[in-house]
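Presented below is the structure to which this report refers.
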Amino acid sequence: MPELPEVETIKLQLEKFLKGKKIVSVEVKSRKIFQGDEKKLIGGKVINVRRFGKVLCIDLANKYSILAHVKLTGQFIYRGPELKNEVLSEKVIGGIPGIHTHVIFRFDKGILYYNDVRRFGWVRVVKTSEVEEEPFIKKLGPEPFRGLTLKNFSEILSKSGRAIKLVLMDQTKISGIGNIYANDAFNLARIDPRTPSKNLRTEEIKNLYEAILKVLRLGIKYGGASDQYYLDARGKKGHYQEHFLVYNRTGEKCFNCGNLIKKFFLGGRGTYWCPNCQK
DNA sequence: AGTATCCTGGAA
DNA sequence: TTCCAGGATACT
Numbered sequence: 031m032p033e034l035p036e037v038e039t040i041k042l043q044l045e046k047f048l049k050g051k052k053i054v055s056v057e058v059k060s061r062k063i064f065q066g067d068e069k070k071l072i073g074g075k076v077i078n079v080r081r082f083g084k085v086l087c088i089d090l091a092n093k094y095s096i097l098a099h100v101k102l103t104g105q106f107i108y109r110g111p112e113l114k115n116e117v118l119s120e121k122v123i124g125g126i127p128g129i130h131t132h133v134i135f136r137f138d139k140g141i142l143y144y145n146d147v148r149r150f151g152w153v154r155v156v157k158t159s160e161v162e163e164e165p166f167i168k169k170l171g172p173e174p175f176r177g178l179t180l181k182n183f184s185e186i187l188s189k190s191g192r193a194i195k196l197v198l199m200d201q202t203k204i205s206g207i208g209n210i211y212a213n214d215a216f217n218l219a220r221i222d223p224r225t226p227s228k229n230l231r232t233e234e235i236k237n238l239y240e241a242i243l244k245v246l247r248l249g250i251k252y253g254g255a256s257d258q259y260y261l262d263a264r265g266k267k268g269h270y271q272e273h274f275l276v277y278n279r280t281g282e283k284c285f286n287c288g289n290l291i292k293k294f295f296l297g298g299r300g301t302y303w304c305p306n307c308q309k
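With positions in the first sequence counted from 1, the corresponding number in this note's numbering is that position plus 30.
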């Protein structure tokens with residue numbers, strides 16, 4: 031699920047659903063996923079929801095925060111009075127709650143479930159004052175829309191000779207971009223994802239920078255990409271997958287030039303590109 | 001720089 | 001049955 035647009039979608043929804051509500055109980059079913067003392071959260075009122083790259087952060091008035099990374103298959107799904115009249119359109123694998131539910135947060139009004147099929151994600155209790163000192167958070171590079179300018183983007187790219195796609199997806203260089211949006215950004219910018227980062231020309235850097243902002247903005251606009259497991263906080267699918275430029279479109283036509291999209295592996299990740307217009 | 005690893009489910 | 005999956009890290 032989890033690239034910047036998906037986590038941003040969840041963030042905005044949780045902000046709306048949870049702000050001002052108090053945690054009544056926390057039920058932990060997996061100690062591997064939930065780290066820290068859930069008792070610290072009891073009675074805490076949600077005052078803020080933040081996002082750091084792909085990491086979600088729920089701040090409580092009692093000075094504790096819930097930090098979470100949903101990795102590939104984590105889902106935060108809210109059920110509460112606000113959704114009473116909404117049809118639950120998507121079936122959640124294993125049910126809600128079900129075999130893949132690992133944490134249940136009960137609020138004075140409403141319940142938040144953390145589901146994770148592959149159990150790669152984590153949910154952590156951290157003091158609010160220490161959130162930004164958490165090793166994972168501290169290492170994050172600047173993110174698009176917040177700190178990443180054309181100037182520092184250009185500097186970051188000039189410092190590495192690795193394939194540009196690996197640099198874009200390296201969260202310590204730039205945070206928030208994952209495999210879907212990286213692939214699509216390169217197609218939009220018409221750049222070969224294998225190009226050594228430092229070899230990009232000024233013009234290409236600018237095109238890539240703008241392409242990144244554009245695809246991420248589109249992702250947010252469509253509520254994220256539900257290619258496989260992603261569901262938003264209401265349990266509904268996003269729609270960016272209906273607008274993929276190259277991701278998961280092997281054998282289909284490039285929207286730029288009509289040639290066929292191909293796939294190869296780069297850094298162990300499926301990489302989709304148009305050999306004709308991404309040179 | 002590449003590959004294995006944490007996991008499960010779905011598609012081929 | 002094998003391979004692949006929006007991530008990140010620990011190894012050769």
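Even glycine gets a Cβ: it sits at the ideal position worked out from N, Cα and C.
8 Å contact criterion, which residue i and residue j should meet: CB distance rounded
i       : j       : result
Leu-261 : Glu-120 : 6 Å
Val-76  : Gly-50  : 7 Å
Val-156 : Asp-67  : Their Cβ separation, rounded to whole angstroms, is 11 Å, which puts Val-156 and Asp-67 out of contact at 8 Å.
Tyr-108 : Gly-140 : 6 Å
Leu-248 : His-273 : 6 Å
Assigned secondary structure, residue i (DSSP; H/G/I helix, E/B strand, else coil)
i       : result
Ser-95  : strand
Gln-65  : strand
Gly-300 : strand
Pro-127 : coil
Lys-283 : strand
Ile-207 : coil
Asp-214 : helix
Arg-109 : strand
Lys-292 : strand
Tyr-270 : helix
Pro-226 : strand
Gly-245 : Note that residue 245 corresponds to Val in the displayed sequence, not to Gly. Of the three classes helix, strand and coil, the one that applies to Val-245 here is helix, per DSSP.
Tyr-144 : strand
Lys-195 : helix
Ile-221 : coil
Val-37  : helix
Ile-250 : helix
Beta-carbon contacts of residue i that lie in its chain and below 6 Å, excluding the five residues immediately before and after
i       : result
Thr-25  : The first residue shown for the chain is 31 and the last is 309, placing residue 25 beyond what the model contains.
Arg-219 : For clarity, residue 219 is Ala in the given sequence; the question names Arg instead. So the qualifying residues of the chain are Asn-237, Leu-238, Ala-241.
Ser-205 : Gly-83, Leu-170, Gly-171, Glu-173
Asp-200 : none
Gly-208 : Glu-33
Val-56  : Glu-68, Leu-71, Phe-135
Sequence-distant residues of its chain with Cβ nearer than 8 Å to residue i (five each side left out)
i       : result
Ile-63  : His-132, Val-133, Tyr-144, Asp-146, Arg-149, Gly-151, Trp-152, Val-153
Tyr-259 : Met-31, Leu-102, Thr-103, Gln-105, Ile-123, Val-147
Glu-282 : Leu-290, Ile-291
Leu-230 : Leu-187, Ile-194, Ile-221, Leu-238
Leu-113 : Arg-264
Thr-232 : Ser-184
Residue i vs residue j beta-carbon contact at 7 Å
i       : j       : result
Phe-135 : Ile-72  : no
Cys-87  : Leu-102 : no
Tyr-302 : Lys-309 : no
Val-245 : Tyr-211 : yes
Leu-196 : Gly-297 : yes
Lys-228 : Gly-191 : yes
His-99  : Val-85  : yes
Ile-194 : Thr-158 : no
Ile-250 : Pro-111 : no
Leu-48  : Gly-74  : no
Arg-279 : Ile-291 : yes
Ile-235 : Ser-184 : yes
Cβ neighbours of residue i in the same chain (closer than 7 Å, five flanking residues each side left out)
i       : result
Phe-216 : Lys-195, Pro-223, Trp-303, Gln-308
Pro-127 : Ile-134, Tyr-143
Ala-263 : Ile-40, Gln-43, Leu-44, Phe-47, Phe-106, Ile-107, Tyr-108
Phe-295 : Thr-301
Asp-138 : Lys-51, Lys-52, Val-54
Glu-164 : Leu-97, Val-156
Gly-268 : Glu-36, Thr-39, Tyr-252, Gly-253, Gly-254, Ala-255, Ser-256, Tyr-260, Asp-262
Gly-177 : none
### Task
Tell me the start and end of each unbroken alpha helix (DSSP H) in the segment 156-187 that is at least 4 residues and wholly inside, in chain order.
165-169
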